[in-house]
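Here's the structure, in structure tokens; my notes come after.
Numbering (mature numbering (1 follows the signal peptide of the UniProt record, and there is no 0)), first residue to last: -21 to -1, 1 to 150.
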């Protein structure tokens, strides 16, 4: 257990973030809400509102530049989607809202694999293949908070990358 914690700490220290996580500009917030709510409307789900606490939790995870879910930050109690885009041309000067839009589109793109949409108790195997999609349109979610972080190359990602985290309130 201690070795795992030490290795995690070393990995975290070895992958410093190269800029501050983008969390608050109005354009980013508006993009996040529009990207989610456009898709939610297609499924009869109510519009999400921006949640500052969920955003702060997303920013804390994104700033680590360590790819992986963590829904315990800030006390937990929320759902989460994570994703990244990498490119030889990715830079810290990129517009993070464009990466966010692409990420939400990618998550929603799982709709084609979600043949059990609307069923009360769909099989876990099917839900697992479309978990990002289901989180985007989950009717019980009322709030969202997202953050995107520019990260340098590391052992997981060969090229510079943008790490996006969106947290969702639970019903």
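A virtual CB, placed ideally from N, CA and C, is assigned to each residue, including glycine.
Check: CB-CB length for residue 112 against residue 86, believed under 8 Å; Outcome: 6 Å
Check: Under 8 Å between C-beta atoms of residue 138 and residue 130; Outcome: no
Check: 4-residue-minimum alpha helix (DSSP H) runs that sit fully inside the stretch 68 to 147, ordered along the chain; Outcome: 75 to 87, 103 to 108 and 110 to 116
Check: Start-to-end residues for the beta strand (DSSP E) that takes in residue 63; Outcome: 57 to 65
Check: Alpha-carbon spacing of residue 68 relative to residue 120, whole angstroms; Outcome: 35 Å
Check: Same chain only: Cβ atoms within 6 Å of residue 59, ignoring 5 sequence neighbours per side; Outcome: 48, 50 and 146
Check: Where residue 15 falls, given that 16 or more other Cβ within 10 Å makes a residue buried; Outcome: buried
Check: Whole-number beta carbon distance between residue 53 and residue 36, since they are thought to touch under 8 Å; Outcome: 4 Å
Check: Residues bridged to residue 28 [DSSP beta-bridge criterion]; Outcome: 122
Check: Rounded separation between residue 89 and residue 10 - CA only; Outcome: 20 Å
Check: Residue 42 to residue 24 span [Cα, whole Å]; Outcome: 30 Å
Check: DSSP three-state assignment for residue 2, whether helix, strand or coil; Outcome: Because the pLDDT of residue 2 is 46, which lies under 50, any placement of that residue in the model is unreliable, and the question is left without a value.
Check: Assigned secondary structure, residue 35 (DSSP; H/G/I helix, E/B strand, else coil); Outcome: helix
Check: Distance between residue 132 and residue 6 (C-alpha atoms, nearest Å); Outcome: 27 Å
Check: Between the CA atoms of residue 102 and residue 72 - distance to the nearest angstrom; Outcome: 43 Å
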